[in-house]
Amino acid sequence: MKIKQIPFTLSCFLLLWGNHGLAQSCLGNVQDSFEDGVISPLWLSTTSACSSVAEVQGRLELTKPTDCLEEAGVNLDAARWVLCGDFDAQVDFELLEFDIPNEDRWVAFRIREVATNAHWATIERYNHSWQGACDPPPGEYYKAFEGGETNCQASFMATSDTNGRFRIRRTAQTLELSFWDSGIADWQLLRSSTVGGDDLFLVLNTRANAAGSHKVAFDNLEVLSSFGLDLQIENLVAGQQASISIQGALPDAEVGLAYSLSGFGPSNVSTLACGSISVDLSFPYFPLGLFQADSAGSLVISQAVPAGSQGISVWFQALDLSACRLSPPAHFQIQ
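The sequence shown begins at 1122 in the working numbering and counts up one residue at a time.
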C-alpha cells in the first residue's frame, strides 16, 4: 500500500497550556487487561470515599469495606470515548468476597447513554436475599434488565458461578445481554431487545445493600467495533522496522501520529484542523508526522526502531484530522 506523507509543521502539534479541550471519539477496538497499575486514560472512578478501585496484579479490583454501603466502580471516560453504532463488549469477572448475609449484592456490566447519562442496560452476577411480590426466590443468579426496570421485569437465571464472562452486544437495532456458560461452552443469551443507535459508555461496578466486606475483580475487557480509529503496532524491535497500521479514518484523511516516552498524559494540543484538544500522551511527546489514509480510511507506516532501545516503554496515539477523532492510546515496550 502506498502511503502519502504530508509535510509536518510545528503548528500542527503546538502544545497549549490553558483550557482543557477534549476530543470525543468512537472507541473502536480496545483491549484492557488492567496491567499497568492505573485506570486512566480510558476510565474514570465512580467510587465513593469509603470504597476503592485499583489495578492489582493484572486485574481491576473493586472493594467495599465493612461499614460502607456505597458503590465501587469505573465509567468509560465519555468525554473522550463513546460506543458508536454496532459493538461487542466483553469482560471477565470474579467474586473475591461476596458472602454478605441478609441483603442483596451484585457485580455489574452496564451501558449508559452519553447524552443523558440514562441507564440503558445491565447484565450482572446477583445474589438475592429475600422474597418480594414478584422477585425470584432468594438465591444466586445472573440478572439482566434495561432502563428503570425492577426485579419484576428483569430476566434471571440461577447459577453458582463465582467467576465468568459478561457480554453486551449491539447489532443494528438489536441489543443482547449474555454470559458465558461453561456447561455448554457457549454464550447464554439472557435478554434481547430492540434499541436505537445512541452513543453509549461502559460501566463496571459493584454494590451491596448490607454491611460486611465485599470485593470483586474484572479482567480481560475487550471491545470490538466497526467504528473508531484503530491503531496497531507490530514488530517493535530494536534495530528493526516496526509496522504501524491505522484503520477507521475517514477516506483520504490526514492522520497525525505521535509518541511519548513519559506516559499517558493528558496534554493540551492545538491543531489547525481541530482546534484545542486533549491527547493521551504525556509531555514531552514527539510527532512521527502527518500521513494520508487511502480511500478505505487505512494506512500502514514502516518506522525504524533505534538500535539499543530494547526495554524502553513507548506510548502511541493517532489523530484523524479530518474527523477530529483520536485512537485509543497504545502502550508498548520495545523488544
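Each residue gets a CB set at the ideal place from its N, CA and C atoms; glycine is no exception.
Beta-carbon proximity of residue i to residue j, cut-off 8 Å
{"i": "S1172", "j": "K1185", "result": "yes"}
{"i": "L1311", "j": "F1322", "result": "no"}
{"i": "F1208", "j": "S1403", "result": "no"}
{"i": "R1226", "j": "A1329", "result": "yes"}
{"i": "R1246", "j": "H1240", "result": "no"}
{"i": "S1430", "j": "H1452", "result": "no"}
{"i": "T1392", "j": "L1442", "result": "yes"}
{"i": "D1320", "j": "L1204", "result": "yes"}
{"i": "G1179", "j": "E1156", "result": "yes"}
{"i": "Q1361", "j": "F1287", "result": "no"}
{"i": "T1187", "j": "S1334", "result": "yes"}
{"i": "A1199", "j": "V1174", "result": "no"}
{"i": "W1298", "j": "I1305", "result": "Note on identity: in this sequence residue 1298 is Leu, with Trp being the wrong assignment. Result no, Cβ atoms of L1298 and I1305 do not sit closer than 8 Å."}
{"i": "N1248", "j": "E1267", "result": "no"}
Spatial neighbours of residue i in its chain, beta-carbon cut-off 8 Å, leaving aside the 5 residues before and after
{"i": "L1217", "result": "E1182, K1336, V1337 and A1338"}
{"i": "F1385", "result": "V1159, S1161, P1162, D1401, L1402, S1403, W1436, P1450 and H1452"}
{"i": "L1420", "result": "M1122, I1124, S1366, I1367, A1370, V1376, F1412, Q1413 and A1414"}
{"i": "Q1294", "result": "T1315, V1316, G1317 and G1318"}
{"i": "T1283", "result": "E1215, L1216 and F1219"}
{"i": "G1432", "result": "Q1454 and I1455"}
Between the CA atoms of residue j and residue i - distance to the nearest angstrom
{"i": "S1276", "j": "V1177", "result": "32 Å"}
{"i": "D1351", "j": "A1193", "result": "30 Å"}
{"i": "T1271", "j": "V1159", "result": "34 Å"}
{"i": "A1374", "j": "A1414", "result": "5 Å"}
{"i": "S1416", "j": "Q1368", "result": "11 Å"}
{"i": "L1378", "j": "G1410", "result": "6 Å"}
{"i": "E1343", "j": "T1243", "result": "17 Å"}
{"i": "A1265", "j": "A1359", "result": "48 Å"}
{"i": "S1303", "j": "G1285", "result": "8 Å"}
{"i": "L1197", "j": "F1407", "result": "27 Å"}
{"i": "T1280", "j": "F1437", "result": "42 Å"}
{"i": "N1389", "j": "R1446", "result": "15 Å"}
{"i": "P1387", "j": "D1256", "result": "46 Å"}
{"i": "G1349", "j": "S1448", "result": "7 Å"}
{"i": "S1146", "j": "S1381", "result": "20 Å"}
{"i": "S1383", "j": "V1195", "result": "24 Å"}
{"i": "V1228", "j": "G1396", "result": "40 Å"}
{"i": "W1164", "j": "E1191", "result": "19 Å"}
{"i": "Q1353", "j": "C1273", "result": "45 Å"}
{"i": "T1168", "j": "D1307", "result": "33 Å"}
{"i": "Q1309", "j": "M1278", "result": "10 Å"}
{"i": "G1269", "j": "Y1263", "result": "18 Å"}
{"i": "L1296", "j": "N1150", "result": "18 Å"}
{"i": "L1148", "j": "A1254", "result": "41 Å"}
{"i": "T1237", "j": "T1327", "result": "22 Å"}
{"i": "T1130", "j": "P1405", "result": "Since pLDDT at T1130 reaches only 37, below the 50 mark, its modelled position is unreliable, and no value is offered."}
Spatial neighbours of residue i in its chain, beta-carbon cut-off 7 Å, leaving aside the 5 residues before and after
{"i": "F1318", "result": "Note that residue 1318 is Gly in the sequence shown here, rather than Phe. Contacts found: G1206."}
{"i": "R1291", "result": "D1207, F1208 and V1316"}
{"i": "V1357", "result": "The sequence shown places Leu at residue 1357, rather than the Val named in the question. Result list for L1357: A1363, V1426, F1453, I1455 and Q1456, in chain order."}
{"i": "P1258", "result": "Q1252"}
{"i": "R1233", "result": "A1239, H1240, W1241, L1321, F1322 and V1324"}
{"i": "S1423", "result": "Q1362 and S1364"}
{"i": "G1418", "result": "Q1368, G1369, A1370, L1371, P1372 and A1374"}
{"i": "S1154", "result": "G1179, D1340 and N1341"}
Residue range of the beta strand (DSSP E) that includes residue i
{"i": "S1399", "result": "G1396 to V1400"}
{"i": "G1377", "result": "E1375 to S1381"}
{"i": "D1157", "result": "It is not in any beta strand (DSSP E) - D1157 carries neither H nor E in the DSSP assignment."}
{"i": "E1224", "result": "Premise fails: E1224 is in no beta strand (DSSP E) and is neither H nor E."}
{"i": "N1326", "result": "L1321 to A1329"}
{"i": "R1201", "result": "Counting along the chain, R1201 falls outside any beta strand (DSSP E), and DSSP gives it neither H nor E."}
{"i": "Q1456", "result": "Q1456 -> no beta strand (DSSP E), and no H or E assigned at all."}
{"i": "G1194", "result": "A1193 to L1197"}
{"i": "D1213", "result": "F1208 to E1218"}
{"i": "F1339", "result": "H1335 to S1346"}
{"i": "S1388", "result": "S1388 to T1392"}
{"i": "N1248", "result": "H1240 to H1249"}
{"i": "L1190", "result": "From DSSP, L1190 is part of no beta strand (DSSP E); its letter is neither H nor E."}
{"i": "D1153", "result": "V1151 to D1153"}
{"i": "A1363", "result": "Q1362 to Q1368"}
Neighbourhood of residue i by C-beta distance below 6 Å, restricted to the same chain and skipping five residues each side
{"i": "A1444", "result": "L1371"}
{"i": "E1224", "result": "S1250, N1330 and A1331"}
{"i": "D1213", "result": "R1286, D1340 and N1341"}
{"i": "C1189", "result": "C1171 and S1172"}
{"i": "A1394", "result": "L1442"}
{"i": "L1440", "result": "G1377 and L1447"}
{"i": "Q1152", "result": "E1343"}
{"i": "A1428", "result": "A1359 and G1360"}
{"i": "E1355", "result": "S1364"}
Residue i beta carbon near the ligand MN (any heavy atom closer than 7 Å)
{"i": "E1182", "result": "The ligand MN is absent from the structure shown, which contains no ligands of any kind."}
Item checked: Residue ranges of each beta strand (DSSP E) within the region 1261 to 1311, 3 or longer -> Annotation note: the region 1261 to 1311 contains the following uninterrupted beta strand (DSSP E) runs of length 3 or greater, listed N- to C-terminal: 1276 to 1279, 1284 to 1292 and 1295 to 1302.
Notebook entry, point to check: Can you list, in chain order, the stretches of the alpha helix (DSSP H) that have 4 or more residues and sit fully within the region 1406 to 1445?
Noted result: Within the region 1406 to 1445, complete alpha helix (DSSP H) segments of at least 4 residues are not found at all.
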